[in-house]
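The sequence shown begins at 12 in our numbering and counts up one residue at a time.
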Amino acid sequence: MNYSSPIQQDCTPELAEMRPAIRRFVGERLEPLARQMDRDGQVAPSALAEMRQQGYLGMRLPAEYGGGGFDLATYCLVMEEVARSHRVFTVMLDCTSGLTPIGIARHGTPAQRDKYVARLASGEWLGSFALTEPEAGSDAAALRTTAEKREGGWAINGLKQFISAAHRAQVIMVLAVTDTARRARGGITAFLVDQGTPGMHIARVDKTIGSDPIELAEIRFDDCFVPDEAVLGEVGGGFGIAMGSLASGRMGVSAACIGTADRLLEEAVAYAKTRVTFGQPLADRQAIQWMLADSATELALARSLAYDTMRRIDAGQDAGAATSMVKLFCSEMVGRVADRTVQILGGSGLIRGVPVERFYRDVRHYRIGEGASEIQRMLIARALLK
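Okay, here's the thing in structure tokens:
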């Protein structure tokens, strides 16, 4: 497509050099799989292999375990580019470089790292993170899933819901209350639970508002016994492990929002140039021009804020509430861009099989996952008023 952003931005010159090769791979290898998934409603079997071959799985895991050892900015660049094709590819990145894999690499014992990290880095295994419950999600202190100490281990009881990729993952990081008095202040522990552990059941797999391959699982624990060796980090340290990875999680989601918005704007520009109504291309009409201009401006602002925050994080600086600002702005921005793009395409934007229609549904998740917009606003306000 003959489209270029009015403002070209990249974190660093090195990342600017990487972008064309990543985009070429996404267009040539992943986009055909995206179309296949739209037709079949299933994750393409070869998707993991394609991304593994390019070194995009386990990007942030240590090189000694087969990971890429890349920084956050490089990871987010790849997240941004694959999000231009299909959200499934962003889930694959998260399952091999997101909260659970990074948590094991940072806090795991040598035995845990040996067991899990190399398998996650290669994509042989996928990781999932189980926090949300019917009465707890953003309010993690309200967790009701418990882990009771038994001889040689722990018995987990409770219910988790809306857990991304849990039915496909080989290892799930489960947060459970181990001290009901302390809860978020040292009473929540992280456990590594292998798929197939007796007492853990995938109770239900839900389709979402988004594309069919994006599914969320409900997990039931009925006296699910795990050994002491399944504790990740210290007993009572689970809340800290989860919170410590929130910044990179928010930045990854924000990068996906930026990439998706860029693709949507590309589609809107191409359609406006070729669609003729009443003898004129849509691109000649001021109403359409203003929608395109607003979308391009918001996208440029999102990139600027996100890239500046990534530079600060990779430099070891405290980003403070900036990651909440980035996640809030980017997730709200992509929703507006998607809405305008559907409006520009008119009836064509409503048809299943047209990427714009699928993007429109998929991006709605971003305003809820990794902390809803309301939670981000609360955190930003809390930082201002501290």
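Note that the Cβ used here is the ideal one computed from N, Cα and C, for glycine as well.
Note that the coordinates shown come from a computational prediction; the quantities given were computed from them, not determined experimentally.
query	result
Go ahead and pull the three-state DSSP assignment for Met70.	coil
Have a look at Arg215 and Gly207 and give me their C-alpha separation to the nearest angstrom.	15 Å
Comparing alpha-carbon positions, which option in Phe140, Arg71, Glu278 and Cys106 lies nearest Arg117?	Arg71
Which residues in the same chain have their Cβ closer than 6 Å to the Cβ of Glu309, if we skip the five residues on either side of it in sequence?	Met344
Can you look up Cys235 in the DSSP assignment and give me helix, strand or coil?	strand
Spatial neighbours of Ala400 within its chain, please: CB distance less than 7 Å, with the 5 preceding and 5 following residues excluded, ordered by chain position.	No information on residue 400 is available, as it lies outside the stretch 12 to 397 that the chain covers here.
Report all residues from its chain with a CB closer than 6 Å to the CB of Ala266; omit the five preceding and five following residues, and keep chain order.	Cys87, Met90 and Glu91
Per DSSP, Pro292 forms a beta bridge with which residues?	Val287
Assuming contact is defined by CB atoms lying nearer than 9 Å, are Thr221 and Arg351 in contact in what I supplied?	Per the sequence shown, residue 221 should be read as Gly rather than Thr. Contact: no.
State the Cα-Cα distance for the pair Gly1 and Glu278, rounded to the nearest angstrom.	Missing from the structure shown is residue 1; the chain here goes from 12 to 397 and no further.
Kindly give me the distance between the Cβ atoms of Gly114 and Asp239, rounded to whole angstroms, as I take these residues to be in contact under 8 Å.	Their Cβ separation, rounded to whole angstroms, is 18 Å, which puts Gly114 and Asp239 out of contact at 8 Å.
Is Leu142 closer than 9 Å to Leu186 when the C-beta atoms are compared?	yes
Could you tell me which of Ser139, Pro112, Thr120 and Pro145 sits nearest to Val7, measuring between CA atoms?	Here the chain covers residues 12 to 397 and nothing more, so residue 7 does not appear.
Taking 9 Å as the cut-off, decide whether the C-beta atoms of Leu83 and Ser256 are in contact.	no
Quick one: give me the first and last residue of the beta strand (DSSP E) that Leu170 is part of.	Gly164 to Ser175
Is there contact between the segment 258-273 and the segment 334-342, where contact requires at least three CB pairs shorter than 8 Å?	yes
Are the segment 97-104 and the segment 34-45 in contact at 8 Å, needing three or more beta carbon pairs?	yes
Using a threshold of 9 Å, state whether the C-beta atoms of Gln172 and Glu229 are closer than that.	yes
Suppose you measure from the CA of Thr285 to the CA of Pro292; what does that come to, to the nearest Å?	6 Å
If you measure between the beta carbons of Val367 and Ala349, is that distance less than 9 Å?	yes
Residues in its own chain within less than 6 Å of Ser259 by CB, not counting five upstream and five downstream?	Leu83
Starting from the N-terminal side, write out each stretch of the beta strand (DSSP E) that is 3 residues or longer and does not extend beyond the segment 94-163.	138-141 and 157-161
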